[in-house]
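Student: Let me begin by handing over the structure; questions about it come next.
In my numbering, the protein residues as written are 62 to 295.
In structure tokens:
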């Protein structure tokens, strides 16, 4: 054993630099194989995933912009449709008639309709409807309001059970109106200046339309046109 140790020490003494270099090289390969290469592979993998995520993000951004345009166009069209069907005037009697028809169609009993004045800024007024009937009838009435010929909006619903399945309900309904604002056309602007030819033509037309003035000594013969009797039955 001592001889082997001595031989190792002797070999290490003679080849110390070579052994150290070999150990360092081997350690470098181990570190490279176990640490650096896996980290490089992970880096490239993560880099690819980041590029794919960025690409998907850009695609989603483009789709979001397109959807916003579609939503904006759809909203403008919807607002245009709503504005086109809104009547210019409140027409309270017609609205009350429509509500009465919806109440009857839903199978409810109409107890009272109260009118609340309109607000100028909102261009709407409220008709507070008090009805009685079953819960199913009230549900049918609410659904009928959506398909009415006027634009109705339910503000609140107050329900009170009376007897059995009979329910009393108070439903304030907003009735909207308002004329569509007219678009400005070319005729709304300033009139264009007349050209010299148009001015000359206008003066000529004015001279033809003006009363005739007698400049010579000739007399003008007048003709009496019968206008008929004051009473045609005489």
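For each residue, glycine too, the CB sits at the ideal point set by N, CA and C.
Source: prediction; values computed, not measured.
Can you give, in chain order, each stretch of the alpha helix (DSSP H) that sits fully within the segment 186 to 223 and has at least 4 residues?
Tutor: Fully contained in the segment 186 to 223 are the following alpha helix (DSSP H) runs of length 4 or more, in chain order: 196 to 207.
Student: Count the other CB atoms within 10 Å of the CB of residue 89; is the residue buried (16 or more) or exposed (fewer)?
Tutor: Residue environment for residue 89: exposed (fewer than 16 other C-beta atoms within 10 angstroms of its C-beta).
Student: With DSSP as the reference, label residue 104 as helix, strand or coil.
Tutor: It is helical.
Student: Do you know offhand how far residue 247's Cα is from residue 149's?
Tutor: Only weak support is given to the placement of residue 247: the predicted model assigns it a pLDDT of 40, under 50, and the question is left unresolved by the model.
Student: Closest to residue 187 by CA distance: which of 108, 193, 200, 154 is it?
Tutor: When C-alpha distances from residue 187 are compared across 108, 193, 200, 154, the shortest belongs to 154.
Student: If we ignore side chains and look at the alpha-carbon of each, how far apart do residue 172 and residue 130 end up?
Tutor: 48 Å
Student: Name the DSSP beta bridge partners of residue 177, please?
Tutor: 187
Student: Taking only three categories from DSSP, how would you classify residue 129?
Tutor: Residue 129 falls in the helix class under three-state DSSP.
Student: Would you kindly check if the distance between the Cβ of residue 231 and the Cβ of residue 191 is under 8 Å?
Tutor: yes
Student: Quick one: give me the first and last residue of the beta strand (DSSP E) that residue 228 is part of.
Tutor: Annotation: the continuous beta strand (DSSP E) that includes residue 228 extends over 227 to 237.
Student: Quick one: is residue 211 buried, meaning 16 or more other Cβ sit within 10 Å of its Cβ, or exposed?
Tutor: It counts as buried.
Student: What did DSSP end up calling residue 292 once you bin it into helix, strand or coil?
Tutor: Confidence in residue 292 is poor, its pLDDT being 44 and thus under 50, which makes the residue's placement too unreliable to answer from.
Student: Mind checking whether residue 163 and residue 206 have CB atoms under 8 Å apart?
Tutor: Going by C-beta atoms, residue 163 is nearer than 8 Å to residue 206.
Student: Return yes when the Cβ of residue 204 is within less than 8 Å of the Cβ of residue 189, no when it is not.
Tutor: The answer is no: Cβ separation not under 8 Å.
Student: Put residue 247 into one of helix, strand or coil per three-state DSSP.
Tutor: Because residue 247 carries a pLDDT of 40, less than 50, the predicted location of this residue cannot be relied on, and the following value inherits that uncertainty. In the structure shown, residue 247 sits in a helix (DSSP, three-state: H, G or I).
Student: Could you check how far apart the C-beta atoms of residue 199 and residue 169 are, in whole angstroms? I think they sit under 8 Å.
Tutor: 7 Å
Student: Tell me whether residue 152 sits in a helix, a strand or coil according to DSSP, three-state version.
Tutor: coil
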